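Below is one structure, written out as structure tokens, with a few remarks after it.
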Amino acid sequence: MLIPHQQLSNDALQGVIEEFVTRDGIDYGEFETPLAIKVAHVKMQLDQGGLVIIFNEDEESITIVSRKQLPPFLTEN
């Protein structure tokens, strides 16, 4: 299920983004990028519509993905 990021409180959105950018396997290149910059970059992409937040009801988990990676059956609620 798509979760419009505008419907989350600022604190909730911050938490989702921070959890996403600090996950194992997220590679930001050769040099370490400060957390605040990573968060701002993801927030900008959410605002521009390039990234979306998905809640997996079966796994009770939330993630952020590229809009281009969305399965066709997902629609905004």
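End of the sequence shown sits at 86 in the numbering used here; the numbers just go up one at a time, nothing left out.
Every residue gets a Cβ at the ideal spot worked out from N, C-alpha and C, and that includes glycine.
In this text, all values refer to a predicted model and were calculated from it rather than measured experimentally.
Report yes if the C-beta of residue i is less than 7 Å from at least one heavy atom of the ligand NAD; otherwise report no.
i, result
"residue 18", "Within the structure as shown, the ligand NAD is missing, as the structure has no ligands at all."
So the candidates are the options; which of them puts its Cα closest to the Cα of residue i?
i, options, result
"residue 14", "31, 45, 62", "62"
"residue 44", "76, 17, 31, 56", "31"
"residue 51", "40, 27, 68", "27"
"residue 57", "75, 21, 19", "75"
"residue 29", "68, 53, 77, 47", "47"
Would you call the CB atoms of residue i and residue j closer than 8 Å?
i, j, result
"residue 64", "residue 71", "yes"
"residue 174", "residue 83", "Because the chain spans 10 through 86 in this model, residue 174 falls outside it and cannot be assessed."
Under 8 Å between C-beta atoms, does residue i make it to chain D?
i, result
"residue 29", "In the structure shown, chain D cannot be found, because there is only a single protein chain."
By Cβ distance, which residues of its chain are closer than 8 Å to residue i, with the 5 residues on each side in sequence left out?
i, result
"residue 4", "This structure cannot speak to residue 4, because the chain is shown only from 10 to 86."
Apart from the five residues on each side of it in sequence, which residues of its chain come closer than 6 Å, Cβ to Cβ, to residue i?
i, result
"residue 55", "14"
"residue 80", "none"
With a threshold of 7 Å on Cβ separation, who are the neighbours of residue i within its own chain once the five nearest residues in sequence on each side are excluded?
i, result
"residue 66", "10"
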